[in-house]
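Novice:
There are 2 protein chains.
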Amino acid sequence: MKRITIVDVAKKAGVSKGTVSAVINGKNTVKPETREHILKVMKEMNFRPKGVARNLKNGHQDKSIGIIIKDINYPFYTAIATGVKEYASSKGYSVIITSSENNHESEKKFSHLFSTKDIKGAIIAPIVEGTAEIEHLFNLKMLNFPFVLLEDVKGIQANVVAIDNLKAIKRAVKYLMDCGHTKIVHFAGPPHSSHTQERIEGFRHAFSESTLVFHPDMIVQIGSDYEESYKKTIEYFKKLNKEDYPTAIVCFNDLQALSVMLALKELNIRVPDDISIIGNDDIFYAKIYPVPLTTIRAPQREIGKKAAEILIKNIESSTLLPVEKVVLETELVIRESTKVLVRN
Amino acid sequence: MKRITIVDVAKKAGVSKGTVSAVINGKNTVKPETREHILKVMKEMNFRPKGVARNLKNGHQDKSIGIIIKDINYPFYTAIATGVKEYASSKGYSVIITSSENNHESEKKFSHLFSTKDIKGAIIAPIVEGTAEIEHLFNLKMLNFPFVLLEDVKGIQANVVAIDNLKAIKRAVKYLMDCGHTKIVHFAGPPHSSHTQERIEGFRHAFSESTLVFHPDMIVQIGSDYEESYKKTIEYFKKLNKEDYPTAIVCFNDLQALSVMLALKELNIRVPDDISIIGNDDIFYAKIYPVPLTTIRAPQREIGKKAAEILIKNIESSTLLPVEKVVLETELVIRESTKVLVRN
DNA sequence: AAAAACCATTAAACCGTTTTAATTGACCAA
DNA sequence: TTGGTCAATTAAAACGGTTTAATGGTTTTT
């Protein structure tokens, strides 16, 4: 089961490994017939030259960075990746994308992969909470592997580019209050996500800074999976008397919001006439929706761009740079899923 | 500007490189104080051990495959990637994703990257047309690099997993004909895509197999970019008399269809009451749309899965396997954007 | 016919690490 | 004092290729 090397090929072909190497690299110094012969032997043995070994000697300086996102199917992350890509390309870097699917094992695997394959640095949407785990990810202290995080992990000494989730949701809630809504609820995300917690926090803060009073019932467990949030929304409203319906819902993210709107349609509840909906993220499909979604926009491309910028700066520096933490601003994008409540 | 190596560190720290290596790898054979000292020197010099070299010696057999898609923001491709991922994981492979953005240079860069970094094989949605270019991509004859294509390139001797685009569109058109539509048009994709051509072909075939007659005006240049197709759709209808409106549109893909539906709404044309719309691909968001889209479903996950299966089989085989070409079936998914035309 | 030039091939050095075997020095027991 | 252990370190081999300089055999030039 031993790997076939260039020596094996050389031996079988009755030539030196230098010659084999020459044909692999298309050098024109080798006689056509030996070339053909070697090619034949290579094919017979199904010889695949080992990339890292080739790489080592000639020191191919191909510049590339990696990014680990949580879900390749969520447009929010692919938009960030696009931002990374745009900036990185302009600096001559290729970017390779991996998706952890919220699985810490994958996260570990990929970070190991990166450091092992001469990827020059990485941008990570981290899953784990602990500082130690993250540092462990890149064997940080040992390898000096440059990376930047897309979420602030409490107490970590690392580069971070992120948005202020708490503030974002607070902004959304305040906008609804300004529109005259008083019966506002929050449809919360998946239980174990740090985003879910931050957004619940933001929701509460908004109330504590207003004259309205917060009640735990205002937080509804909905999740962000498409099927799940659809079902749970239906259930939620089925359990309620019409007069107890909220007049506005702050959603965990845009995908959930889309799903909720679909459920409301099924229930014959009109958006925004009966209920205002506000999303979060501003993914591409939020504006394509026939009732364009009011949402809190996270500057996805800019996040990617900024992260790439910091990363590449670190990669190219010959000295260890001080840690940077940047928080980008979110923006309320008012479209058609929310409306001012007229008192009667 | 020379790279800092372990020897430089060793020299500066006054130890042998073996010792430095030991601290990098967290061996417990090194005295705490030397360890600390070496760590300090490493930090000072900002030493980053070269991955490929580490890899070469200890021969880390981390199994990973790559995939090159055309557009990371189009859910069709990320769904394929998900299929790849699912199968690959089950076989212990990690998958890394890259996006060529329809740019041949990127495609070349990534394939080179893969073969150079000991990625074991690749799945590619190819941009280029020529057999030679594709073979060149992996220096095919030389490196025996295993790969599978997601589109059939005419005359190529390579593994392919794809769908029959022509047949798919034909199916769509026939369905509309069966529904009684006679004024059917095709909103074509971006001019230089091979998909665009295949789909136009399919549209014509459907006509040649029916009693209706094809006219070149039935092919409308719309493109697939969201903004562009929105605008062009509006223009198209503005130029037409109401009585000349088609009663059905076969769209290039679902994203275009979504965009078209949005434009129709703007124009106060109802879907499906005034015009039936049929998409292509069945991306995730097609069914979330309030008028769920009738479309030709390409089995995205299955495509990914099958491609991964063939790829891994080739990777793990010690002999060169014969080329496989598999064509997966598409399926008409009837939802609410099309309706039967009642004669009056 | 000898020298020069050329072609194809090979042997050896090299890339930057890890690993193994050998070495050194300190400590302890007899 | 001698020898044996043990802990810490080092020198050298190894990983699997590429590249360079040397080699030997032909052909061409003078």
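These protein sequences, in sequence, are chains A and B. Reading the first sequence from the start, the letters are residues 532 to 875 in the working numbering. Reading the second sequence from the start, the letters are residues 532 to 875 in the working numbering. Every residue, glycine too, gets a C-beta built ideally from N, C-alpha and C.
Could you check whether the region 825-832 of chain A touches the region 699-712 of chain A, counting it as contact only if at least three pairs of C-beta atoms, one from each stretch, sit closer than 8 Å?
Specialist: At 8 Å Cβ cutoff, the stretches touch.
Novice: Using a beta-carbon distance cut-off of less than 9 Å, what residues from the region 788-807 of chain B approach chain A?
Specialist: Answer in chain order: 789, 790, 792, 793, 796.
Novice: Buried or exposed for residue 842(A), going by 16 or more other Cβ atoms inside 10 Å?
Specialist: So residue 842(A) ends up on the buried side.
Novice: Spatial neighbours of residue 865(A) within its chain, please: C-beta separation below 7 Å, excluding the five flanking residues on both sides.
Specialist: Once the five neighbours on either side are set aside, the close Cβ partners of residue 865(A) are 825.
Novice: To the nearest angstrom, how far is it from the Cα of residue 489(B) to the Cα of residue 547(A)?
Specialist: Since the first residue of chain B shown is 532 and the last is 875, residue 489(B) is not available in this structure.
Novice: In angstroms with no decimal places, state the Cα-to-Cα distance between residue 739(A) and residue 810(A).
Specialist: About 21 Å.
Novice: So residue 597(B) packs on residue 645(B), CB below 8 Å; how close in whole Å?
Specialist: Contact flag correct, Cβ pair sits at about 5 Å.
Novice: Answer yes or no: does any C-beta atom of chain B fall closer than 9 Å to that of residue 678(A)?
Specialist: No - not a single Cβ of chain B is within 9 Å of the one on residue 678(A).
Novice: Please check the pair residue 761(B) and residue 793(B), which I expect to be a contact at CB under 8 Å, by giving their CB distance rounded to whole angstroms.
Specialist: Contact flag correct, Cβ pair sits at about 6 Å.
Novice: Starting from the Cα of residue 860(B), find the closest Cα among 852(B), 696(B), 709(B) and give me that residue.
Specialist: It is 696(B).
Novice: Do we get a CB-CB distance below 9 Å when we pair residue 866(A) with the residues of chain B?
Specialist: Taking Cβ atoms only, chain B never reaches closer than 9 Å to residue 866(A), which makes this a no.
Novice: Report the start-end ranges of each alpha helix (DSSP H) in the region 807-874 of chain A that is 4 residues or longer and not cut off at the edges.
Specialist: The region 807-874 of chain A contains these whole alpha helix (DSSP H) runs: 815-819, 831-847.
Novice: Helix or strand or just coil, what does DSSP make of residue 876(B)?
Specialist: There is no way to answer for residue 876(B), as the model of chain B reaches only from 532 to 875.
Novice: What runs of the alpha helix (DSSP H), each 4 residues or longer, lie entirely inside the region 741-804 of chain A?
Specialist: Here the runs fully enclosed are 757-769, 785-797.
Novice: For residue 663(A) and residue 679(A), I'd like the C-alpha separation in whole angstroms.
Specialist: Distance between the alpha carbons of residue 663(A) and residue 679(A) is about 15 Å.
Novice: Identify whether residue 629(B) lies in helix, strand or coil by the three-state DSSP scheme.
Specialist: Looking at residue 629(B) - three-state DSSP - the assignment turns out to be strand.
Novice: What span of residues does the alpha helix (DSSP H) with residue 569(A) cover, start to end?
Specialist: First-last of the alpha helix (DSSP H) with residue 569(A): 563-576.
Novice: For residue 694(B), write down the residues that DSSP places opposite it in a beta bridge.
Specialist: Note: residue 694(B) sits in a beta bridge opposite 859(B).
Novice: What residue does the beta strand (DSSP E) around residue 680(B) start on, and which one ends it?
Specialist: Residue 680(B) -> beta strand (DSSP E) spans 678-680.
Novice: Measure the CB-CB distance between residue 816(B) and residue 819(A) and report whether it falls below 9 Å.
Specialist: In this structure, residue 819(A) lies closer than 9 Å to residue 816(B) by Cβ.
Novice: Please name the residue, chosen from 623(B), 660(B), 651(B), that lies closest to residue 635(B) on a Cα-to-Cα basis.
Specialist: Among 623(B), 660(B), 651(B), the Cα nearest to that of residue 635(B) is on 660(B).
Novice: Take the Cβ of residue 850(A) as the centre, count every other Cβ of all protein chains shown within 10 Å, and call the residue buried at 16 or more, exposed below.
Specialist: Its Cβ having fewer than 16 others within 10 Å, residue 850(A) is exposed.
Novice: To which residues does DSSP link residue 646(A) through a beta bridge?
Specialist: According to DSSP, residue 646(A) bridges with nothing at all.
Novice: Is residue 582(A) helix, strand or coil by DSSP?
Specialist: Residue 582(A) falls in the helix class under three-state DSSP.
Novice: Can you tell which of 694(B), 784(B), 665(B) has the C-alpha that lies nearest to the C-alpha of residue 838(B)?
Specialist: For the residues 694(B), 784(B), 665(B), the minimum Cα distance to residue 838(B) belongs to 694(B).
Novice: Using a Cβ-Cβ cutoff of 8 Å, what residues of the region 707-739 of chain B are near chain A? List them in chain order.
Specialist: Those residues of the region 707-739 of chain B that come within reach of chain A (Cβ to Cβ, closer than 8 Å) do not exist; the list is empty.
Novice: For residue 547(A), name the three-state secondary structure that DSSP assigns.
Specialist: Residue 547(A): coil per DSSP, three-state reduction.
Novice: Compare the C-beta of residue 593(B) with all C-beta atoms of chain A and state if any pair is closer than 9 Å.
Specialist: Chain A contact via Cβ: present.
Novice: Just how far apart, CA to CA, sit residue 782(B) and residue 812(B)?
Specialist: The alpha-carbon atoms of residue 782(B) and residue 812(B) are separated by roughly 10 Å.
Novice: Per DSSP, which residues does residue 653(B) bridge with? Please list them.
Specialist: Paired residue(s): 597(B), 678(B).
Novice: Please work out which residues of its chain come closer than 8 Å, Cβ to Cβ, to residue 707(B), disregarding the five sequence neighbours upstream and downstream, and give them in chain order.
Specialist: Cβ within range, chain order: 715, 779, 781, 807, 809, 869.
Novice: Return the CA-CA distance between residue 764(B) and residue 796(B), expressed in angstroms with no decimal places.
Specialist: Between residue 764(B) and residue 796(B), the C-alpha separation is close to 11 Å.
Novice: Starting from the Cα of residue 595(A), find the closest Cα among 623(A), 575(A), 586(A) and give me that residue.
Specialist: Nearest option by C-alpha distance: 623(A).
Novice: Residue 777(A) and residue 867(A) look like a contact to me (Cβ under 8 Å); what is the Cβ gap, rounded to whole Å?
Specialist: Incorrect: roughly 18 Å between the Cβ atoms, too far for contact.
Novice: Quick one: list the residues of chain A neighbouring residue 745(B), beta-carbon separation under 8 Å, in chain order.
Specialist: Ordered by position in chain A, no residue passes the 8 Å Cβ test against residue 745(B), which lies about 31 Å from the chain.
Novice: Apart from the five residues on each side of it in sequence, which residues of its chain come closer than 7 Å, Cβ to Cβ, to residue 579(B)?
Specialist: None.
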